[in-house]
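If you want our numbering, it's the 1-based position in the sequence shown plus 6.
We put the CB at the ideal spot given by N, CA and C, even for glycine.
Notes to accompany the following structure.
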Amino acid sequence: MRRQTKWVLGVVLFTFIVPLLLCAAPPGMLNSGNAEISGKVTDLKGTPLKDITVEVRQQSGQAWPVVKTNNTDAAGLYTVAGLGDGSYIVAFDDPAGVYAREIYENTFLVYNAHTVTVTAASPATDINASLALAGKISGTFTNSAGSPLQFAYLVSFRKNGVGWQPMESTLSDAAGNYALAGLPAGIYRIFYTYEGQEGYYDNAPDLLTATDISIAAGQAVSNINFTVGERSNVGAISGNVTEEDGVTPLDHIYVTIFRWADIWWQRYTEGVTDAEGKYLIENLPPGKYRVYFEASHYGEGKYYDNAPDIFSATDITVSAGETTTNINAAMSPGAATVRGESGAIAGTVTQQDGTTPIAQVHVTAFRWVDVWWQRYAEGITDTEGNYSITNLPPGTYRIQFEAWHGGFGEFYDNVPDIFHATDITVEEGQTTANINAALAGQGCPDYETWSASIDWQGAPNGPADDADGDGFSNDLERIAGTNPVAANDFFTVSSAQLTPAGNGLILGTALFGRAYTARYSTDIRLPWREWTPIELSFSDGLIIAPVIPNQPNVIYRLIVDLE
Numbered sequence: 007m008r009r010q011t012k013w014v015l016g017v018v019l020f021t022f023i024v025p026l027l028l029c030a031a032p033p034g035m036l037n038s039g040n041a042e043i044s045g046k047v048t049d050l051k052g053t054p055l056k057d058i059t060v061e062v063r064q065q066s067g068q069a070w071p072v073v074k075t076n077n078t079d080a081a082g083l084y085t086v087a088g089l090g091d092g093s094y095i096v097a098f099d100d101p102a103g104v105y106a107r108e109i110y111e112n113t114f115l116v117y118n119a120h121t122v123t124v125t126a127a128s129p130a131t132d133i134n135a136s137l138a139l140a141g142k143i144s145g146t147f148t149n150s151a152g153s154p155l156q157f158a159y160l161v162s163f164r165k166n167g168v169g170w171q172p173m174e175s176t177l178s179d180a181a182g183n184y185a186l187a188g189l190p191a192g193i194y195r196i197f198y199t200y201e202g203q204e205g206y207y208d209n210a211p212d213l214l215t216a217t218d219i220s221i222a223a224g225q226a227v228s229n230i231n232f233t234v235g236e237r238s239n240v241g242a243i244s245g246n247v248t249e250e251d252g253v254t255p256l257d258h259i260y261v262t263i264f265r266w267a268d269i270w271w272q273r274y275t276e277g278v279t280d281a282e283g284k285y286l287i288e289n290l291p292p293g294k295y296r297v298y299f300e301a302s303h304y305g306e307g308k309y310y311d312n313a314p315d316i317f318s319a320t321d322i323t324v325s326a327g328e329t330t331t332n333i334n335a336a337m338s339p340g341a342a343t344v345r346g347e348s349g350a351i352a353g354t355v356t357q358q359d360g361t362t363p364i365a366q367v368h369v370t371a372f373r374w375v376d377v378w379w380q381r382y383a384e385g386i387t388d389t390e391g392n393y394s395i396t397n398l399p400p401g402t403y404r405i406q407f408e409a410w411h412g413g414f415g416e417f418y419d420n421v422p423d424i425f426h427a428t429d430i431t432v433e434e435g436q437t438t439a440n441i442n443a444a445l446a447g448q449g450c451p452d453y454e455t456w457s458a459s460i461d462w463q464g465a466p467n468g469p470a471d472d473a474d475g476d477g478f479s480n481d482l483e484r485i486a487g488t489n490p491v492a493a494n495d496f497f498t499v500s501s502a503q504l505t506p507a508g509n510g511l512i513l514g515t516a517l518f519g520r521a522y523t524a525r526y527s528t529d530i531r532l533p534w535r536e537w538t539p540i541e542l543s544f545s546d547g548l549i550i551a552p553v554i555p556n557q558p559n560v561i562y563r564l565i566v567d568l569e
């Protein structure tokens with residue numbers, strides 16, 4: 007399986023993660039000209055390294071997409087030509103994972119990189135790198151009986167000052183083995199998730215309490231093993247969500263669980279109510295929790311027990327082997343509107359020309375509550391690029407724009423994070439208008455999703471036939487938008503098809519410079535972390551997922567990592 011590369015822009019502090027904004031160059035952004043960058047790549051002893059991938063990246067908005075690449079020759083030499091005049095950063099990556107990746111000059115953090123300025127008349131030479139041997143963390147992933155578990159998803163975090171940087175990720179194989187390779191020397195902690203269960207090494211519930219793993223350059227640390235059992239050592243929270251009458255059930259209400267982690271309420275997991283308004287969130291380590299109920303289509307969210315923010319919410323104690331029941335909520339549709347207290351925020355999102363609208367941009371409003379910016383409500387732009395977020399109590403807000411299908415994310419007003427964002431005041435009964443954004447880029451999607459309804463026949467790996475006999479491609483649909491349950495969020499992808507052998511599903515074309523992972527589910531309402539990871543393969547530039555036998559209405563979700 008392809009090693010998942012994530013160049014790091016920021017660190018994890020509590021639950022706030024700085025977005026990773028490195029991706030392949032979108033269409034129309036490919037750089038061209040007569041400038042060039044050249045240099046030599048060796049190991050720390052000066053031995054030339056062959057077949058090291060050299061990526062030249064140029065800033066676009068808050069991102070650094072790849073514009074040109076080349077590989078080193080037997081002498082370790084490289085030249086990346088055809089560049090336009092401008093400033094770049096240069097990254098070095100060993101596809102084999104023997105040497106740790108690096109960004110010029112001697113860093114793996116984009117914000118510490120040294121920019122290289124070139125023109126056609128002034129090429130940059132001696133942009134060299136000396137790569138250290140990469141470290142590796144490996145181990146097994148089994149159940150309590152010792153049987154191997156495939157498709158456990160593992161992520162390494164590296165310590166950097168006061169925070170933890172996400173580095174490499176991988177899946178366990180059929181023998182339960184995993185390996186996180188290509189790691190620079192440092193201190194690491196490991197996260198896992200498997201079929202709704204998650205945690206950190208060694209048997210820790212969160213990143214703050216996880217066990218350190220120290221790696222020297224070139225060191226392979228083995229036997230970092232994980233065992234998941236029947237989870238008798240965990241508990242659950244359940245309840246019902248109704249209208250204010252306490253009787254009429256509300257379905258598709260999102261229930262978010264926050265867990266106390268030493269000094270902060272950390273977002274831990276989530277669930278959703280069913281048609282009867284019921285929810286059950288399992289696999290919770292013993293501890294203290296608070297619960298938030300939200301539905302963008304059903305008025306304001308609230309914390310248990312009827313509290314407006316997390317600080318005034320009621321503690322919920324979870325004990326091992328027990329379910330804490332009756333954590334209920336009664337919600338009022340458009341409650342803020344009924345009280346006449348609500349305001350709104352509205353605006354338009356375009357490309358950088360300020361004219362071309364971008365649809366399907368996710369717009370999130372964060373509200374200041376006591377000591378922190380709390381995610382409060384969200385909206386999405388229409389085909390004209392317009393959005394409106396209503397039912398906002400008077401107060402101070404900040405806005406984030408995330409263009410999954412066209413451009414790069416940012417906060418208002420044109421800043422990369424919430425700490426530098428501009429305050430937006432919402433007043434009673436008023437709409438704060440012209441909160442606009444002009445996003446860079448034409449592409450760089452965060453995810454794409456496909457849904458398939460298939461009748462599988464014969465052996466588990468095929469042959470297969472489509473559900474209605476009119477060709478498999480007509481049974482495959484791509485989901486766009488934030489509410490995949492709505493009929494207008496589906497459209498057909500005619501190019502999707504089975505592989506000739508019938509044992510794989512072609513999800514799309516692999517684009518250079520992107521890393522792909524995928525999961526599947528038979529229930530689109532399940533939280534993402536409860537979807538089952540699947541291992542992808544690549545052939546002739548195509549992304550291929552394994553077929554899921556004996557499972558009707560399988561939903562595939564393909565994640566495109568921003569590199």
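Between V355 and L286, the C-beta spacing is not below 9 Å. Rounded to the nearest angstrom, the gap between the Cα atoms of L89 and N209 is 49 Å.
Under the Cβ criterion (8 Å, minimum of three pairs), the segment 134-150 counts as touching the segment 101-110. Taking the Cα positions, S144 is about 28 Å away from Q272. Residue state for S144 is assigned as strand, using DSSP reduced to three classes. For S338, there is no enclosing beta strand (DSSP E), since its DSSP letter is neither H nor E. Three or more Cβ pairs closer than 8 Å define a contact, and the segment 157-167 meets that threshold against the segment 189-196. Rounded to whole angstroms, I133 and D49 show a C-alpha spacing of 15 Å.
For P539, the uninterrupted beta strand (DSSP E) run begins and ends at T538 to I540, by DSSP.
For the pair E416 and V278, the Cα-to-Cα distance works out to about 28 Å.
Non-local beta-carbon contacts of E250 in its own chain, meaning distances under 6 Å to residues more than five positions away in sequence, involve A336 and S338 in chain order.
Between A158 and L177, the CB-CB gap stays under 9 Å. By the neighbour-count criterion, in which a residue is buried when 16 or more other Cβ atoms sit within 10 angstroms of its Cβ, F264 is buried.
Judged by DSSP in its simplified three-state form, L50 adopts coil rather than helix or strand.
The beta carbon of Y184 sits closer than 8 Å to the beta carbons of S144, G145, T146, F147, A158, L160, T176, L177 and S178 from its chain, once the five residues preceding and following it are set aside; these are given in chain order. Between A352 and T437, the beta carbon gap of about 6 Å places them in contact (Cβ cut-off 8 Å). Between G401 and R373, the C-beta spacing is below 9 Å. In the three-state DSSP reduction, T215 falls in the helix class (H, G or I). Distance between A80 and Y110, taken at the CA atoms: about 21 Å. With respect to the C-alpha of N118, the residue from P129, P101 and I95 having the closest C-alpha is I95. Between G235 and S150, the gap from beta carbon to beta carbon is short of 9 Å. Burial is judged here by how many other beta carbons sit within 10 angstroms of a residue's own beta carbon; K56 has fewer than 16 and is exposed. Beta bridge pairing from DSSP links Y200 with Q203.
Per DSSP, A191 lies in no beta strand (DSSP E) and is assigned neither H nor E.
A direct Cα-to-Cα measurement between T59 and V73 gives close to 13 Å. No Cβ-Cβ contact shorter than 9 Å links P422 with G391. In the DSSP assignment, the residues bridged to R265 are Q272 and Y295. Listed as beta-bridge partners of Y159 by DSSP are L177 and T199.
For N231, the CB contacts under 8 Å within the same chain, skipping 5 residues up- and downstream, are G145, T146, F147 and T148 in chain order. Secondary structure note for E61: its beta strand (DSSP E) is the uninterrupted segment T59 to R63.
For A326, the closest of G241, G293 and Y403 by C-alpha to C-alpha distance is G241. For V104, the three-state secondary structure derived from DSSP is coil. An exposed status is given to K51, since fewer than 16 other beta-carbon atoms sit within 10 Å of its beta-carbon.
In the three-state reduction of the DSSP assignment, F317 falls in the helix class. CA-to-CA, the gap between G205 and A187 works out to about 20 Å.
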